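The next block holds one structure in the form of structure tokens; read it before the comments.
Numbering (my numbering), first residue to last: 47 to 438.
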């Protein structure tokens, strides 16, 4: 079977990301796969042989899509990609990949968290305009059925054309179900399937030689303050290290100056316990995750954090903000603790609690690793994707 994975405007393909692991997982179980994009589509990792078709023009898309039995399309149900879905659905079966928390508006509870960040930064005229626009849209769509259908045309059109819609966690699926319900499209609900993102075999199939230490690891693009929330993350870590001086924290990823700014603002002691590593290869991240007891995230939203999933497969527990995918990853408290908000005081409370569970022997890194390795291995995910659709 030939399966294409389409991603819009991608300049680079990184195979450790979910789309790369899906492609490699499908290939492992015997299917011919290719990454497709209308962008440059340069392959960063040349250790794996993956077919890439790049610079696809909309005019030639029909011909290219017709060569595949199935195309998995990363559109996030964003209206800007509806024309691509329309072209693909005329010649092959389409699965929409949401990679999302499922908050598509309609009600204030389902407003995307980025607007909460904008509200907190109302001093910025750009953010104020964004908030006003979203509030008007949410209010109007809630009370005007005709306007709802107009503003959600692309969202609904893609949903109609897709054979299935993949979203990554149960709570995100509930959000999406609620949006369809408000739009009166109950017929679309049975298209929704929950399938988490896969992680690479280096995390799911290698030796379980885990020597856990009192280490917290956080991974992110810290210059993306709206999403990654480095301010509250650093403040929580600084306060935690005052209370628990036997622990240390390692911050990995680009945006070192942002982290240093907040460390300088909040830290008066224990600076030697807080390490900024910067951007490093995945092979080095593994070394930190193997010894870390806790993976820590203060993000305001994540479709499905691959870094957190990788840490779970190495036996770390998760402490994180209350996001749909993180709620799934803690598995009813088996593999972590979710705070009641993304504010530093609540994150700190969750960190203290999780550290105490390690201290009294209530955490078993091997059990956690085995559980998540089975669930998130790329072959497992590839088989789940194929099981949801019948190819004639």
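Glycine included, every Cβ here is placed at the ideal spot set by N, Cα and C. Since we're looking at a predicted model, the values are computed, not measured.
Please classify residue i as buried or exposed, where buried requires at least 16 neighbouring CB atoms within 10 angstroms.
| i | result |
| --- | --- |
| residue 254 | exposed |
| residue 438 | Any reading at residue 438 must be qualified, since the residue scores a pLDDT of 44, below 50, and its modelled position is unreliable; the value itself is stated next. Exposed, since its Cβ has fewer than 16 Cβ neighbours within 10 Å. |
| residue 451 | As displayed, the chain neither begins before 47 nor continues past 438, which places residue 451 out of reach and without an answer. |
| residue 257 | exposed |
| residue 119 | buried |
| residue 283 | buried |
| residue 189 | Note on residue 189: pLDDT 49, under 50, position unreliable in the model; the coordinate value appears next. Exposed, because fewer than 16 other Cβ atoms sit within 10 Å of the Cβ of residue 189. |
| residue 129 | exposed |
| residue 93 | exposed |
| residue 291 | exposed |
| residue 250 | buried |
| residue 468 | Any answer about residue 468 is impossible in this case: the structure gives the chain only from 47 up to 438. |
| residue 275 | buried |
| residue 204 | buried |
| residue 145 | buried |
| residue 333 | exposed |
| residue 26 | Summary: the structure shown does not reach residue 26, with the chain confined to residues 47 through 438, and so no result is reported for it. |
| residue 105 | exposed |
| residue 232 | exposed |
| residue 136 | exposed |
| residue 87 | buried |
| residue 301 | buried |
| residue 143 | buried |
| residue 433 | exposed |
Find the nearest neighbour of residue i within the set the options, judged by alpha-carbon distance.
| i | options | result |
| --- | --- | --- |
| residue 440 | 131, 78, 366, 247 | Lying outside 47 to 438, the shown extent of the chain, residue 440 is not represented and no answer is given. |
| residue 153 | 422, 122, 225 | 225 |
| residue 379 | 362, 309, 391 | 362 |
| residue 60 | 232, 303, 219, 352 | 352 |
| residue 95 | 66, 114, 323 | 66 |
| residue 330 | 389, 248, 281, 270 | 248 |
| residue 289 | 401, 433, 420, 424 | 401 |
| residue 121 | 156, 53, 229 | 53 |
| residue 411 | 337, 241, 308 | 337 |
| residue 386 | 75, 344, 408, 339 | 344 |
| residue 271 | 167, 87, 136, 393 | 167 |
| residue 160 | 348, 287, 335 | 348 |
| residue 30 | 328, 281, 301, 335 | With the chain running from 47 to 438 in the structure shown, residue 30 is simply not present. |
What does the alpha-carbon distance come out to for the pair residue i and residue j?
| i | j | result |
| --- | --- | --- |
| residue 102 | residue 110 | 8 angstroms |
| residue 324 | residue 234 | 43 angstroms |
| residue 303 | residue 278 | 15 angstroms |
| residue 321 | residue 123 | 38 angstroms |
| residue 201 | residue 127 | 9 angstroms |
| residue 78 | residue 108 | 19 angstroms |
| residue 341 | residue 112 | 43 angstroms |
| residue 69 | residue 308 | 39 angstroms |
| residue 239 | residue 75 | 21 angstroms |
| residue 405 | residue 339 | 10 angstroms |
| residue 392 | residue 350 | 21 angstroms |
| residue 269 | residue 158 | 20 angstroms |
| residue 403 | residue 409 | 6 angstroms |
Which same chain residues end up closer than 6 angstroms to residue i when comparing Cβ atoms and leaving out the 5 residues on each side of it in sequence?
| i | result |
| --- | --- |
| residue 370 | 147, 215, 217, 218 |
| residue 294 | 261, 319 |
| residue 89 | 59, 98 |
| residue 426 | none |
| residue 265 | 298, 299, 353 |
| residue 91 | 61 |
| residue 355 | 245, 422 |
| residue 399 | 383 |
| residue 228 | 152 |
| residue 285 | 394 |
| residue 313 | 284 |
Once you ignore the five residues that flank residue i on each side, which residues in its own chain have a CB closer than 8 angstroms to its CB?
| i | result |
| --- | --- |
| residue 435 | 116, 139, 141, 209, 210 |
| residue 114 | 48, 49, 50, 80, 138 |
| residue 414 | 358, 361, 362, 363, 380, 381 |
| residue 377 | 417 |
| residue 55 | 83, 84, 85 |
| residue 206 | 234 |
| residue 133 | 104, 107, 108, 111 |
| residue 431 | 68, 72, 118, 141, 212, 241 |
Tell me which residues share the same chain as residue i and place their Cβ nearer than 7 angstroms to its Cβ, disregarding the 5 neighbours each side in the sequence.
| i | result |
| --- | --- |
| residue 156 | 149, 150, 221, 224, 225 |
| residue 72 | 49, 79, 428 |
| residue 326 | 298 |
| residue 163 | 272, 346 |
| residue 388 | 275, 278, 344, 346, 367 |
| residue 100 | 83, 85, 86, 87 |
Return yes when at least one heavy atom of the ligand NAP lies under 7 angstroms from the C-beta of residue i, else no.
| i | result |
| --- | --- |
| residue 67 | Absent from the structure shown: the ligand NAP. Ligands present: none. |
* What are the uninterrupted segments assigned as alpha helix (DSSP H) that are 4 or more residues long and contained completely in the region 341-397, given in chain order? -> 352-359, 370-376
* Starting from the N-terminal side, write out each stretch of the alpha helix (DSSP H) that is 4 residues or longer and does not extend beyond the region 197-240. => 199-207, 216-228
* **Minimum length 3: unbroken beta strand (DSSP E) runs contained in the region 248-278** => 259-265
* Any chance you could list the alpha helix (DSSP H) runs of at least 4 consecutive residues sitting entirely within the region 287-334, in chain order? => 302-312
* To do: Ignoring anything shorter than 4 residues or poking outside the region 106-174, list the alpha helix (DSSP H) runs there in chain order.
  => List check, alpha helix (DSSP H) in window: 128-137, 159-166.
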